[in-house]
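Protein chains: 2
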Amino acid sequence: MAKVKTKTAYHHGDLRQQLVAATRALVEAKGPDLFSVSEACRAAGVSTAAPYKHFADRTEMLVAVAMEGFGEMAEASVAAVSKHPPGSDEAISAMGVVYVEYADANPGVFKMMFAGDHQTDDLEEAGHGCYGVVLHQVAARMGKIEIDDAVMRTAFPLWTFVHGLAFLRIDGKAEFAKVDTDLEDLVAMATRQLLAVPS
Amino acid sequence: MAKVKTKTAYHHGDLRQQLVAATRALVEAKGPDLFSVSEACRAAGVSTAAPYKHFADRTEMLVAVAMEGFGEMAEASVAAVSKHPPGSDEAISAMGVVYVEYADANPGVFKMMFAGDHQTDDLEEAGHGCYGVVLHQVAARMGKIEIDDAVMRTAFPLWTFVHGLAFLRIDGKAEFAKVDTDLEDLVAMATRQLLAVPS
DNA sequence: CTAACTTAGTTAGAGAGACTAACTTTCCAG
DNA sequence: CTGGAAAGTTAGTCTCTCTAACTAAGTTAG
């Protein structure tokens, strides 16, 4: 019988996935830089050399977590968009809210996703996929099928805004700025303003 | 003679400052997480135990660099503002440009400044000082002296925007989004839109 | 069913880094 | 000139990443 290609459990369980889960838990618990391979091994109950049968190095473990993150965020974005008319302000706002809420709920993973260090082609592609959802909605709003330069120029400030908001909140700067505005209101307002045609 | 409290050079030169400089250079060269105390020591030509006479630990060395950063950014902001009428769109935009340009020129330091890990009271205060310049300008624009809630609510989206822009550029996501708009134009546009009174 | 191969784990250890303890040198005050 | 504090040093501990060499378990061919 041909191997099912996905997760075949050889000796123990699916160690790779267990390690990714342990890594993720640690990254959330203590931040990406304080994560250690050794500790993930202890959590998974294997020797410290075991991960190297599944990952080239420490970085690759973190990348695996970031990949998971992009998958989840893309999924959540699609779900959020589907509740509103394509290309509507509501659809676009909803994606922004998802973005920030994802960061709030998974600060460690979110930071990894955009860390800039350890960039992989896979990671870049996953990011591309995620941003694609946004570009698609903005194009729809502009009555276009193709994603051209105008779409890019319109979408980018939106991304910029929610990205900044996500980071400021993660790093505790939002409270510091004493802004208690409701997240949805804030994003909706910024979306409307940034999408406004310059007068 | 009473000690001058600032930098008295005992044995060798002012090792503390030399270490901060070495740390900064390394942080810029290889990123904050890959920075090592040992390497800073080699750069400064001292033993690996020497830093611990000046800093409690590795983190404190990084914090010192971040403090420098806040000082420089505050200074640059003030300089930029002074070229325009107080509270004008130009003054506010100019600060945004300074923010992003500082991040471009000092990505490692910038990341440290907002890392969220190793937060100190000193660091928070320095950040406060920096943001104060912005709040002051926004208050002026709104014809106010006091920095009240309305000022905060107006200023925060601006910060959010430039913060996001800074991070996206640092992490190479701006090119990825294929946006080649001139930085000043982009910031000026966003400033105008985000300052617009919601209709 | 078993021999040969592959996969996934093990232990042991090298090399680097953070930090500590105990010692030494230098500077300064009285 | 002498005692004490400041600022270095060496040596050593502990932890971490990653490698090498070995072993056990599962897979496949004959």
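For the protein sequence lines, the chains are U and Y, in the order given. Under the numbering used here, the very last position in the first sequence is 199; numbers go up by exactly one each time. Under the numbering used here, the very last position in the second sequence is 1199; numbers go up by exactly one each time. Just so you know, even glycine gets a beta-carbon here, dropped at the ideal spot from N, CA and C. Just so we're clear, the structure is a prediction, and the values are computed from it rather than from any experiment.
- Three or more Cβ pairs closer than 8 angstroms define a contact, and the segment 1077-1094 of chain Y falls short of that threshold against the segment 1046-1066 of chain Y.
- If the five residues before and after U:PRO157 are omitted, its C-beta is found closer than 8 angstroms to the C-beta atoms of LEU194, all from its own chain and listed in chain order.
- In the three-state scheme derived from DSSP, where H, G and I count as helix and E and B as strand, U:THR160 is classed as helix.
- The beta-carbon of U:MET73 is placed no less than 9 angstroms from the nearest beta-carbon of chain Y.
- Its Cα nearest to that of Y:ASP1121, the residue Y:VAL1063 stands out among Y:VAL1063, Y:ALA1196, Y:ASP1185, Y:ARG1024.
- Cβ contact annotation for Y:PHE1070 (same chain, cutoff 8 angstroms, sequence separation greater than five): MET1113, LEU1123, ALA1126, GLY1127, GLY1129, CYS1130, in chain order.
- The three-state secondary structure of Y:LEU1034, taken from DSSP, is coil.
- Against chain U, a Cβ distance below 8 angstroms from Y:GLY1132 picks out nothing, because the smallest value is about 11 angstroms.
- In this structure, Y:ASP1033 sits near U:ASP117, with a CB-CB distance shorter than 9 angstroms.
- For U:GLY96, the secondary structure class from DSSP, reduced to helix, strand or coil, is helix.
- Counting along the chain, no alpha helix (DSSP H) covers U:LYS144, and no H or E run does either.
- With fewer than 16 other CB atoms across the displayed protein chains lying within 10 angstroms of its CB, Y:ARG1042 is exposed.
- U:HIS84 carries a coil assignment under DSSP once its states are collapsed to helix, strand and coil.
- Contacts with chain U at 9 angstroms (Cβ-Cβ) do not include Y:GLN1137.
- Between U:LEU15 and the set U:ALA74, U:GLU72, U:MET142, U:ALA44, the nearest pair of CA atoms involves U:ALA44.
- The DSSP-derived three-state label of U:GLN193 is helix.
- Straight-line spacing of the CA atoms in U:SER93 and Y:VAL1187 works out to 21 angstroms.
- The alpha-carbon separation between U:VAL138 and Y:GLN1018 amounts to approximately 50 angstroms.
- No residue range can be given for U:PHE114, since it is assigned to no alpha helix (DSSP H) and is classified by DSSP as neither H nor E.
- With contacts defined as CB atoms closer than 9 angstroms, Y:ALA1029 and Y:MET1061 fail to qualify as a contacting pair.
- Secondary structure at U:PHE110: helix, using DSSP grouped into helix, strand and coil.
- Interface residue (Cβ-Cβ distance to chain U less than 9 angstroms): Y:LEU1165 is classified as such.
- U:LYS173 and Y:THR1191 have their C-alpha atoms roughly 20 angstroms apart.
- Taking a beta-carbon distance threshold of 9 angstroms, U:GLY127 counts as an interface residue toward chain Y.
- A direct Cα-Cα distance of roughly 41 angstroms separates Y:GLY1164 from U:SER47.
- The continuous alpha helix (DSSP H) containing U:ALA174 extends over residues 173-176.
- At a cut-off of 9 angstroms between beta carbons, U:GLU124 contacts chain Y.
- Rounded to whole angstroms, the gap between the alpha carbons of Y:GLY1013 and Y:PHE1110 is 28 angstroms.
- Taking C-beta atoms as the reference points, Y:VAL1133 and Y:VAL1097 fail to come closer than 9 angstroms.
- Within 7 angstroms of the CB of U:VAL179, the CB atoms of chain Y belong to MET1152, ARG1153, PHE1156, in sequence order along the chain.
- Here the alpha carbons of U:MET152 and Y:GLU1175 stand approximately 11 angstroms from one another.
- DSSP, reduced to helix, strand and coil, places Y:ALA1074 within a helical segment of the structure shown.
- The residue among Y:ALA1049, Y:VAL1065, Y:ASP1057, Y:THR1059 with its C-alpha nearest the C-alpha of Y:ALA1022 is Y:VAL1065.
- Taking a beta-carbon distance threshold of 9 angstroms, U:PRO51 does not count as an interface residue toward chain Y.
- At a cut-off of 9 angstroms between beta-carbon atoms, Y:ALA1196 makes contact with chain U.
- Using a Cβ distance threshold of 9 angstroms, U:VAL100 and U:VAL162 count as a contacting pair.
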